[in-house]
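K.L.:
There are 4 protein chains.
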Amino acid sequence: MATPSDPQSAPPADPTTKENGVQENSSDEEFTMPLITNGRPLEDAYAKAFNNNSLWRRSLAETEPELFESLGKGQSPQILWIGCADSRCPETTILGLQPGEIFCHRNIANILVNTDINSLSVIQYAVQYLKVKHIIICGHTSCGGIAAALGNKKLGLIDTWLMPLRALRQENLSLLDTLNEVEKGIKMVELNVRAGVKVLHSNPIVIDAMSERGLQVHGLIYNVGTGELRELDIEEEEEIVKSRIVSFKTED
Amino acid sequence: MATPSDPQSAPPADPTTKENGVQENSSDEEFTMPLITNGRPLEDAYAKAFNNNSLWRRSLAETEPELFESLGKGQSPQILWIGCADSRCPETTILGLQPGEIFCHRNIANILVNTDINSLSVIQYAVQYLKVKHIIICGHTSCGGIAAALGNKKLGLIDTWLMPLRALRQENLSLLDTLNEVEKGIKMVELNVRAGVKVLHSNPIVIDAMSERGLQVHGLIYNVGTGELRELDIEEEEEIVKSRIVSFKTED
Amino acid sequence: MATPSDPQSAPPADPTTKENGVQENSSDEEFTMPLITNGRPLEDAYAKAFNNNSLWRRSLAETEPELFESLGKGQSPQILWIGCADSRCPETTILGLQPGEIFCHRNIANILVNTDINSLSVIQYAVQYLKVKHIIICGHTSCGGIAAALGNKKLGLIDTWLMPLRALRQENLSLLDTLNEVEKGIKMVELNVRAGVKVLHSNPIVIDAMSERGLQVHGLIYNVGTGELRELDIEEEEEIVKSRIVSFKTED
Amino acid sequence: MATPSDPQSAPPADPTTKENGVQENSSDEEFTMPLITNGRPLEDAYAKAFNNNSLWRRSLAETEPELFESLGKGQSPQILWIGCADSRCPETTILGLQPGEIFCHRNIANILVNTDINSLSVIQYAVQYLKVKHIIICGHTSCGGIAAALGNKKLGLIDTWLMPLRALRQENLSLLDTLNEVEKGIKMVELNVRAGVKVLHSNPIVIDAMSERGLQVHGLIYNVGTGELRELDIEEEEEIVKSRIVSFKTED
């Protein structure tokens, strides 16, 4: 019998009322818009999201009936996306892809720190177990985290998270001082993506996958006002590549 | 000459080719499919993603011309999504929403730890600065991180990240032992979402926003094989709510 | 000639002046008190510390001439100490031991979190590579971190670090409410040590070392006002031990 | 009255047996060596440590009767020590000081990362609340963490903690390649201390305390084979100091 704590349980007795308080017209033939009946108006973002999910999955089940069946069996994404938490940068949407195609980590300002086990675990899982072929680290225009790190206002805990950006700011201060505000922001976005690429290139698991099976790392900047992706030239001198391998590669 | 591993090759002479090596037909009237000219076949996931981005943004610019203009000016999402890095769970897609509607953090197995500054910074930024009205923490069926924590195989760094799941496993061991493998997985997904809700409810910034402006926290489970979202009943006894506020609320 | 970059170099030409600006009477026969000549008065805590180091090492070199020689060759401590950063709890001093006898991690309020790679690295190194025979986790009376977590004042970043203590506070709120302020503090110290023991007992490396070679974990409370150590009874029911091993033990 | 939860309570009814199983001759007049009666031989490091604690506190209570009384009332250390977990580097001992004089954080290879809330909390507490006048970051000769980072053997979780050392190794690879093994180790110790000083100098709380009340930061190297401390010249050009303040100082 279905208990409140059993999400795999059979549908409750009254088929028109779901645990989450959404009342749906259960007739698949009609496909009328489900009604949110738990007291939330449709203007509520959460109610709208729930409602849209219902529309989306019904539509997808109709147009691509085999997709959900396939997704139910597992995932085999070829890309790991490391991007910003910013609402304007949903990786699967902006790359025009389907669920199942991109493994994803998103945090404030797409910062990679080589001792952060949150992001490091995503990278390990994607590279070592899912064997993705590409890692994209993607910054974006109008990034709030970048703006914060270019300012000097105390913001709280997030100040600690942004410390690597301030370090980049200091290292490049004379360059940044020659730029106007907009250019400064974009330059910092770029410096941050390059720093992220460096962290990826220093990751022992990434190093191994690059040499053993051709894993590729890409640094991109996404323009939130046009939807356009720009790829940075991140090629390195052979000397740098060698020194990185000497310094970071580890073996059993 | 551009090699497959060199996406940032020098820009070709043809001025209609962009820095990222994608050759586009610049005539907006024709809207033919852009050609990837840097030597990557379209079968390559990265080339396809780049190509699809180009199709997506052109199409969107045509159908909703004001959207990019609006996104270029800023974001004001009403929802923060905390979900799994799993490729089958792209929040904006499965909620049928547009860029700009959901702020997002994704990590392995949507684990929240109350001392992890990566996720804590996302929460702070979303709640304190973007003033989102809803936080969704969403687990999903067939979660690889959950499966790993229910097994006993050494996996590397990720084992450290999964420690909170193993703690949940121990706390609920006698219950889990009564379930079959599938049920066990789903129960752990649920326990993990409930643990995440608890971390959110203990966050001083979340506590303040809940009492001051009605911020809501939601715990969901997403079924990757059907696209369906299920909302958990996370209501708490008043006594628990009180004890949490007494213990976690801080003031200047 | 000594270079600035070589701290192991021979003493500089003028034997009475060291790089650190301390002028010493170099005659070993006299053993007069070295004079701090770099402008710091002896009342300065740093000058005093430097001066005392000089006295200490000369005295030790005389009374136990073989000790430094032995320490120069390596370390083989049998104890790992995990304690508070509090200045009143210097482990080697309060245990009446010599340099070389206790490996040590100290942080605010001797908190152990099972995802904190700072403390986890100390534990791994001590258990797996140094093969210590004992781990002591030691709390202490009058702990400022404990007091902070029992209050509700916003303190900054440290509030995040203290979150596990607030979680303990909530879990034990009804018990704590029956105690007076002093008892409450001591009870929290004890609960925190017990939580630390639990983290240690859940660590896969500790689990293996306990079963394979008898590693022992101890939970202590140090009284800063008397110098006395009290050992907590941390023995667990066999059922708990079993469930922990089932849930946390991992294998290749 | 003593409660089970009060380790500061009076000894239990039978004064010769303590909770920790140590039987002591309770006559203060005799000061005979307490006997460890809980089955541990004195050769056991833990038994010895417990026994030595008893000897130490009795001796100190006699020679400096006011010290424990003073320590029972609080701490006011003037120095924060950030050092290695290595057993040969107990800060209070090697500086010839007493309990109460040095606040202390110790981790593997005295690494400071500007996003590590474990060490950052110690720094905040020491600087902002205890108002220490000096911060010492101290590396040491024969450091196992340094040796590990100069090798290429996979060691486990600790490899992640050591990543900042590998980054230093890469940045200084051509210099390090000119040195023999011993020199290389010492050079890395120095580079690591200098990196730690830089992290401290970039900490907003440290920046404020330096300018407002003259807090001083010191970088030292301790020779475990001689007991000697060497102070590094860490003075910076004014330009660097300025750029750091511009980039890292934050205000309400």
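Chains as they are written, first to last, in the working numbering: chain A, 1 to 252; chain B, 253 to 504; chain C, 505 to 756; chain D, 757 to 1008.
Don't be surprised by glycine CBs; every beta carbon is placed ideally from N, CA and C.
Look up residue 735 of chain C in the DSSP assignment and say whether it is helix, strand or coil.
P.N.:
strand
K.L.:
In angstroms, rounded to a whole number, what distance separates the CA positions of residue 115 of chain A and residue 360 of chain B?
P.N.:
So the two alpha carbons sit approximately 16 Å from each other.
K.L.:
Take the Cβ of residue 577 of chain C as the centre, count every other Cβ of all protein chains shown within 10 Å, and call the residue buried at 16 or more, exposed below.
P.N.:
exposed
K.L.:
Counting Cβ pairs, one atom from each stretch, are 3 or more of them under 8 Å apart for the segment 224–235 of chain A and the segment 139–149 of chain A?
P.N.:
Contact check between the segment 224–235 of chain A and the segment 139–149 of chain A: three or more CB pairs, one atom from each, fall below 8 Å, which counts as touching.
K.L.:
Apart from the five residues just before and just after residue 105 of chain A, which ones in its own chain have a Cβ nearer than 6 Å to its Cβ?
P.N.:
82, 119 and 122
K.L.:
Check whether the Cβ atoms of residue 77 of chain A and residue 94 of chain A lie closer than 8 Å to each other.
P.N.:
no
K.L.:
For the segment 557–568 of chain C against the segment 805–816 of chain D, do three or more pairs of beta-carbon atoms, one drawn from each stretch, fall closer than 8 Å, so that the two count as touching?
P.N.:
no
K.L.:
Based on DSSP bridge pairs, tell me the residues matched to residue 973 of chain D.
P.N.:
D:891
K.L.:
With DSSP as the reference, label residue 110 of chain A as helix, strand or coil.
P.N.:
helix
K.L.:
Could one say the Cβ of residue 243 of chain A lies closer than 8 Å to chain D's Cβ atoms, at least one of them?
P.N.:
yes
K.L.:
Whose C-beta lies closer than 8 Å to the C-beta of residue 694 of chain C among residues of the same chain, with five residues either side of it excluded?
P.N.:
The beta carbon of residue 694 of chain C lies closer than 8 Å to those of 643, 725 and 736 in the same chain, with the five residues before and after it left out.
K.L.:
Which residues bound the alpha helix (DSSP H) around residue 921 of chain D?
P.N.:
919–927
K.L.:
Anything in the segment 216–232 of chain A with a Cβ closer than 9 Å to a Cβ of chain B? List those residues in chain order, please.
P.N.:
216, 218, 219, 220, 222, 223, 224, 225, 226, 227, 228, 229, 230, 231 and 232
K.L.:
Checking 8 Å against the spacing of the C-beta atoms, do residue 386 of chain B and residue 453 of chain B come in under that value?
P.N.:
No, they are not a contact pair.
K.L.:
Quick one: is residue 545 of chain C buried, meaning 16 or more other Cβ sit within 10 Å of its Cβ, or exposed?
P.N.:
exposed
K.L.:
Roughly how many whole angstroms lie between the Cα atoms of residue 430 of chain B and residue 746 of chain C?
P.N.:
As the crow flies, the alpha-carbon of residue 430 of chain B is around 17 Å from that of residue 746 of chain C.
K.L.:
Is it buried or exposed, residue 437 of chain B, if we count other Cβ atoms within 10 angstroms and call 16 or more buried?
P.N.:
buried
K.L.:
Name the two residues that bound the continuous beta strand (DSSP E) containing residue 403 of chain B.
P.N.:
Neither: residue 403 of chain B is in no beta strand (DSSP E) and is coded neither H nor E.
K.L.:
Under 6 Å Cβ to Cβ from residue 836 of chain D, same chain only, skipping five residues before and after it: list those, please.
P.N.:
Answer for residue 836 of chain D: 859, 882, 888 and 891, listed in chain order.
K.L.:
From the beta carbon of residue 754 of chain C, is the nearest beta carbon of chain A less than 8 Å away?
P.N.:
no
K.L.:
Check each residue of the segment 613–629 of chain C: if its Cβ is closer than 8 Å to any Cβ of chain B, include it; give the result in chain order.
P.N.:
Within the segment 613–629 of chain C, the residues whose Cβ lies closer than 8 Å to some Cβ of chain B are 617, 618, 619, 620, 621 and 624, listed in chain order.
K.L.:
By Cβ distance below 8 Å, which residues in the same chain neighbour residue 480 of chain B in space, the five residues on each side in sequence not counted?
P.N.:
474
K.L.:
Using a Cβ-Cβ cut-off of less than 7 Å, give me the residues of the segment 644–675 of chain C that come near chain A, in sequence order.
P.N.:
661 and 664
K.L.:
Quick check on this structure: which residue in A:111, A:99, A:215 and A:165 has the alpha carbon closest to the alpha carbon of residue 69 of chain A?
P.N.:
A:99
K.L.:
Cα separation between residue 237 of chain A and residue 664 of chain C?
P.N.:
The alpha-carbon separation between residue 237 of chain A and residue 664 of chain C amounts to approximately 42 Å.
K.L.:
Please confirm if residue 817 of chain D has its CB atom under 8 Å from at least one CB of chain C.
P.N.:
yes
K.L.:
Listed in chain order, which residues of the segment 926–951 of chain D have Cβ atoms closer than 7 Å to some Cβ of chain A?
P.N.:
Within the segment 926–951 of chain D, the residues whose Cβ lies closer than 7 Å to any Cβ of chain A are, in chain order, 926 and 929.
K.L.:
With distances taken Cα to Cα, identify the nearest neighbour of residue 692 of chain C among C:702, C:734 and C:672.
P.N.:
C:672
K.L.:
Counting only beta-carbon atoms, is residue 962 of chain D nearer than 8 Å to chain A?
P.N.:
no
K.L.:
Since residue 252 of chain A contacts residue 910 of chain D with CB under 8 Å, what's their CB separation in whole angstroms?
P.N.:
5 Å
K.L.:
Check the Cβ-Cβ distances between residue 463 of chain B and every residue of chain C, and say whether any is below 8 Å.
P.N.:
False, the Cβ-Cβ gap to chain C never drops below 8 Å.
K.L.:
Give the DSSP-derived three-state secondary structure of residue 251 of chain A in the structure shown.
P.N.:
Of the three classes helix, strand and coil, the one that applies to residue 251 of chain A here is strand, per DSSP.
K.L.:
Does the beta carbon of residue 238 of chain A sit closer than 8 Å to a beta carbon anywhere in chain D?
P.N.:
no
K.L.:
Can you tell me which of the three DSSP states residue 587 of chain C falls into?
P.N.:
strand
K.L.:
Please confirm whether residue 417 of chain B and residue 444 of chain B have their CB atoms less than 8 Å apart.
P.N.:
yes
K.L.:
For residue 459 of chain B, write down the residues that DSSP places opposite it in a beta bridge.
P.N.:
Residue 459 of chain B pairs with nothing; no bridge assigned.
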